[in-house]
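For what it's worth, our numbering labels the leading residue of the sequence shown as 242, then goes sequentially. Yeah, the Cβ is synthetic: ideal placement off N, Cα and C, and Gly gets one too. Reviewing the structure listed below.
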Amino acid sequence: MKMIWVSPECPYPANTGGRIGIMKRLEYLSQNNEIYFFCVIDSDDEYKYASDLLKYCKEVHLYKRNKYFALSKLLKAPFVCVSRWLTSMKYDIERCFENEKIDWVIVDFPQMLGNISEKIFNSNKLVLNQHNIEYVTLHNLAKSIDNPLRRILYSVEAQRLYRFEERCYRNLNIKLFTFVSIEDKAFFEKNLKRSILCWCL
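Dropping the structure here:
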């Protein structure tokens, strides 16, 4: 099968929990599938890792994150989302989807859904990998911050991320959700208040 894979960060080197999870799945799925990998990077230094990812992927596309430009889009969604929404990335993903006759589109983290076109959502081929319940993670981070102003900003962003995620899950055509744990799956279904097709990894 042919798969598009969309990630919010470069998974190589695999030195964090999220990166390890992505790399392990890439290693496994690349054995019998063609993977077209798209991800956001934070620095020019990360372009060098494309060659490492090409060991598992048919194609690798890296896009520099623009944090300053994202400030102009904050009314649309939280910063953790809009700072990873790139017009060129969205266009290239849709073009790959059309030209390569893709079977599945795998997206890591809900923050990356802004890079997915309406055509792909309507294709019934979209899989969302939930590494965590993202707004809960951000909310817990906010509670651990000592600086009062930063704590308020993170708390507000956590609430905005909750509303963004809920809107996505209710309105977008996501075929399958994957989770790292049974507990995350149960939390997700309870708060979404409806049964949904899920798979725990």
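- prompt: Phe320 by DSSP, collapsed to three states: which one?
  reply: In the structure shown, Phe320 sits in a helix (DSSP, three-state: H, G or I).
Bounding residues of the alpha helix (DSSP H) (the contiguous stretch that carries Met264): Counting along the chain, the alpha helix (DSSP H) containing Met264 begins and ends at Gly258 to Leu270.
- prompt: Taking just the CA atoms, how far does Glu430 sit from Glu275?
  reply: Going from the Cα of Glu275 to the Cα of Glu430 covers about 32 angstroms.
task: Kindly list the residues whose CB is nearer than 7 angstroms to the CB of Lys317, restricted to its own chain and excluding five residues on each side of it in sequence; keep chain order.
output: The answer, listed in chain order, is Val323.
- prompt: What residue range is occupied by the uninterrupted beta strand (DSSP E) comprising Ser385?
  reply: Per DSSP, Ser385 lies in no beta strand (DSSP E) and is assigned neither H nor E.
- request: Could you tell me which of Leu270, Leu327 and Leu315 sits nearest to Lys299, measuring between CA atoms?
  value: Looking at Leu270, Leu327 and Leu315, the one whose alpha-carbon comes closest to that of Lys299 is Leu270.
field: Terminal residues of the alpha helix (DSSP H) in which Tyr277 lies
entry: Segment Glu275 to Ile282 is the beta strand (DSSP E) holding Tyr277; no alpha helix (DSSP H) there.
query: In the DSSP assignment, what residue or residues form a beta bridge with Tyr304?
result: Note: Tyr304 sits in a beta bridge opposite Val281.
query: Is the region 324-343 touching the region 356-365, taking contact as three or more C-beta pairs under 8 angstroms?
result: Touching, yes, given that three or more Cβ pairs across the two stretches are closer than 8 angstroms.
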